[in-house]
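> If you're matching positions, the sequence shown starts at 1031 in the numbering used here and goes up one per residue. Beta carbons: idealized from backbone N, C-alpha and C, even for Gly.
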Amino acid sequence: MNLRLRQWFRNPVFLLALASGLIAFVVQSGEVGSADTMHRLQSTHAFWTAEPPVFPNEYPEFGVHGRNGSLQSWYGIGQSLLMLPQDILGTCISKLHIFDRYGDTDPTVRDIVVVYLTQIIVSVLTALLCFKLLRQFAFSVNQSIAGVLAFLLATTHLHYTQNMMENNYICLLTLAGFAFQYEWLQTGSRRALLFGVGALGLNLLTRITTGMDLLAGALFVLLVLGFDKMRGRAFWSRCTEYATIAVPVYCFFGLLDRLYQFYRFGSFTNTYASLVARETIARDPSLPRNWPWTTPWHQGFLGALFLPEKSIFLFDPLIILALLLLALHWKRLLPGLRAYALATCVMLLAYLSFYARYFAWAGDFSWGDRYVSTCVELVALPAIPLLLKYRREAGRLVWVTGIVLLCVSFVIQLESLMFWLPLEIYQEETLGHPTYVIALRAKNIVAFALHEMGAWGLNNESMTQDPWDYVHITCWNFLPFLLRRVGEAPAWAVRIAFLVWGAGLAALAVTLLRLRQIAGQLAER
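(1) For Trp1321 versus Ala1334, is the C-beta distance shorter than 9 Å?
(2) Throw me the rounded Cβ distance for the Arg1220 and Ile1142 pair, which I believe falls under 8 Å.
(3) So Asp1117 and Thr1074 are in contact, right, with Cβ under 8 Å, and what is the actual spacing, rounded?
(4) Could you give the C-beta distance for Val1279 and Gly1228, rounded to a whole number, given that I count them as a contact under 8 Å?
(5) Can you tell me which of Val1251, Val1043 and Gln1102 puts its alpha carbon nearest to the alpha carbon of Gly1218?
(6) In terms of residues, what are the limits of the alpha helix (DSSP H) holding Cys1201?
(7) Reducing DSSP to helix, strand and coil, say where Leu1488 ends up.
(8) Which residue from Leu1351, Gln1551, Arg1544 and Phe1511 puts its Cα closest to that of Ser1439?
(9) Grab me the residues of Ile1569's own chain with a C-beta within less than 8 Å of its C-beta, minus the 5 sequence neighbours each way, in chain order.
(10) Quick one: is Leu1363 buried, meaning 16 or more other Cβ sit within 10 Å of its Cβ, or exposed?
(11) Under 9 Å, do Gly1330 and Gln1192 count as touching if we go by C-beta distance?
(12) Of all the alpha helix (DSSP H) runs that stay within the bounds of the segment 1277–1325, which reach a length of 4 or more residues?
(13) By how many angstroms is the C-alpha of Leu1071 removed from the C-alpha of Gln1109?
(14) Residues in its own chain within less than 7 Å of Arg1514 by CB, not counting five upstream and five downstream?
(15) Whole-angstrom Cβ separation of Glu1445 and Ile1468, contact assumed at under 8 Å?
(16) Cα-Cα, which of Leu1542, Glu1482 and Arg1313 is closest to Val1178?
(17) In angstroms, rounded to a whole number, what distance separates the CA positions of Leu1317 and Ile1311?
(18) Given a threshold of 16 other Cβ atoms within 10 Å of its Cβ, counted over all protein chains shown, does Pro1083 qualify as buried or as exposed?
(19) If you count every other CB in all the chains shown that lies within 10 Å of the CB of Leu1112, and 16 or more means buried, which is it?
(20) For Ile1151, tell me which candidate among Tyr1199, Thr1121 and Phe1161 has the shortest Cα-Cα distance.
(21) Using three-state DSSP, classify Gln1495 as helix, strand or coil.
(22) Over the uninterrupted alpha helix (DSSP H) stretch that includes Leu1126, give me the two end residues.
(23) Residues in the same chain with beta-carbon distance under 6 Å from Phe1210, minus the five sequence neighbours each way, listed in chain order, please.
(24) By alpha-carbon positions, which one of His1359, Leu1158 and Phe1478 ends up nearest to Arg1421?
(25) Compute the Euclidean distance between the alpha carbons of Phe1336 and Phe1345, then round it to the nearest angstrom.
(26) Given a cut-off of 9 Å, decide if Leu1215 and Arg1268 are closer than it, judged by their beta-carbon atoms.
(27) Alpha carbons only, please: which of Glu1213, Ile1442, Arg1040 and Tyr1401 is nearest the one belonging to Gly1366?
(28) Pull up the distance between the alpha-carbon of Glu1339 and that of Glu1459, whole angstroms please.
(29) Could you tell me which residues DSSP pairs with Leu1101 in its beta bridges?
(30) Under a Cβ-count criterion, where at least 16 other Cβ atoms within 10 Å of its own Cβ denotes burial, should Trp1391 be classed as buried or exposed?
(31) When you compare each of Leu1416, Asn1507, Gly1096 and Glu1482 to Trp1450 by their alpha carbons, which one comes out closest?
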């Protein structure tokens, strides 16, 4: 047993997986992080209990009428299915006698179990898939490890590791689609292709717009074949093989989505988005007939790029480095990496264009532009491996620029964890627009640490109008601090939470140091 443990702790992949799990562990607040995920978790609960997917008091703020007048959620089933085993376990644990006095106080025991288990699993699988994909692109083990850690810690992926929206789950499935489809292209393994298209098909159950991820995956395959100069009969043979597996799989998941739609709303042909629009316009006839597609296209498109509140370049600076290095080293790149870069950039442009006219084009209550952040992360994935691989060829200026962008991006992602995300949105009601949210978050961190929020003019009346929100935006957004702030958990439980959290941070530090040590040994070989 001891020998096996020593072998594990010499294995960089095991250490990388362990680090990713510990990252997910230490950043959690115990809350699902958004109203959207709260509603999806309620849909999960409705699958196996007598509770409804939407409570009557939530309408009309949330919910849409379905079959027989029942209230239904307006989301896909994907994330709800992901949380199902954890929800069952969390519900059972919450009924233990030890939690009788705690009851349903936020964060609930059920939520804590669901959030921790789900996010750790997603984080570990994402790290392994990122590593697999980067190794497929011929990066060294050390370059791939650095790329994975940068992806986990220096992109908005870190924020969505704490805030359990659909983003990281969608990212996981899209990464799986690219990685396994590329494995098929390299080895001819039909099982790998089935896994790849299955992951992209499963995405359709999570969010309708992931059809763009599916198309990007198909484009990736075509581009790899094209860059490999495959022509004529060989090209069409690979395309036929791809289609014979991909089309039935995509049809299967499309059918599952339609069956779920029929179960809720009695129709195979409409979408929940169209039903929400119809009911919303019926309640408020003053809305334009094209609601929710009411934003001028150029405003939404350019806003995602340059608006201080939402700019992808401000919230994910690594994309700047990725685009720079891809352009600089384009002729040196392998066909697979070229294809990946083009496919993900096209996918990003497609998402930007699609959501540009949506009334809440950036996702409203979110850190950055949540509708496109996953695409941005995928584009940024090869940035650090490219920086390391071509350090000599690029020169000192590019190297220094890359390190600066990496450090800045890491600090920005750490900032995103410190408070629950609506804090700056409340403050913008008095500060006005445009607001540089990242700079405001830094100011909030310093002011809160110094107990100067009021003196610095960072408190306003709107922050206090919802007592639940006020509690959550006025404490550090990690579970031990939230338990202490809410004040319902016993003092001994809060102390244990702090001890466990501290142990998690220490374990993460030790794991990263061990990973660095192993990486150094690999570099010397």
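Taking the structure as given:
(1) No.
(2) Not really, about 41 Å apart at Cβ, beyond 8 Å.
(3) Contact holds; Cβ gap of about 5 Å.
(4) Rounded to whole angstroms, the Cβ separation of Val1279 and Gly1228 is 6 Å, and the two are in contact under 8 Å.
(5) Check the Cα spacing between Gly1218 and each of Val1251, Val1043 and Gln1102: the tightest is with Val1251.
(6) That run of the alpha helix (DSSP H) goes Asn1197 to Thr1217.
(7) Under the three-state reduction of DSSP output, Leu1488 falls in the coil class, being neither helix nor strand.
(8) Of Leu1351, Gln1551, Arg1544 and Phe1511, the residue nearest in Cα terms is Leu1351.
(9) Here the chain comprises residues numbered 1031 to 1555, so residue 1569 is not present and cannot be evaluated.
(10) Here Leu1363 is buried: its Cβ has 16 or more other Cβ atoms, across all protein chains shown, within 10 Å.
(11) No, the Cβ-Cβ distance between Gly1330 and Gln1192 is not below 9 Å.
(12) The segment 1277–1325 contains these whole alpha helix (DSSP H) runs: 1302–1313.
(13) When rounded, the distance between both Cα atoms is 8 Å.
(14) Residues of the same chain with a CB within less than 7 Å of the CB of Arg1514, apart from the 5 flanking positions on each side, are Val1524 in chain order.
(15) With a Cβ gap of about 7 Å, Glu1445 and Ile1468 count as contacting.
(16) Nearest in C-alpha terms to Val1178, of all of Leu1542, Glu1482 and Arg1313, is Leu1542.
(17) For Leu1317 and Ile1311, the distance between alpha carbons rounds to 6 Å.
(18) It counts as buried.
(19) When all chains shown are included, Leu1112 counts as buried.
(20) Nearest to Ile1151 by C-alpha distance, out of Tyr1199, Thr1121 and Phe1161, is Tyr1199.
(21) Gln1495: coil per DSSP, three-state reduction.
(22) Bounds of any alpha helix (DSSP H) do not take in Leu1126, whose DSSP letter is neither H nor E.
(23) For Phe1210, where only same-chain residues beyond five positions count, the Cβ hits under 6 Å are Ala1222, Phe1225 and Gly1226.
(24) For the residues His1359, Leu1158 and Phe1478, the minimum Cα distance to Arg1421 belongs to His1359.
(25) Going by C-alpha positions, Phe1336 is about 11 Å away from Phe1345.
(26) Result yes, Cβ atoms of Arg1268 and Leu1215 sit closer than 9 Å.
(27) Measuring from the Cα of Gly1366, the nearest candidate turns out to be Glu1213.
(28) For the pair Glu1339 and Glu1459, the Cα-to-Cα distance works out to about 13 Å.
(29) Beta bridge pairing from DSSP links Leu1101 with His1095.
(30) Classification of Trp1391: buried, given that the 10 Å Cβ count is 16 or more.
(31) Out of Leu1416, Asn1507, Gly1096 and Glu1482, Asn1507 has the C-alpha closest to the C-alpha of Trp1450.
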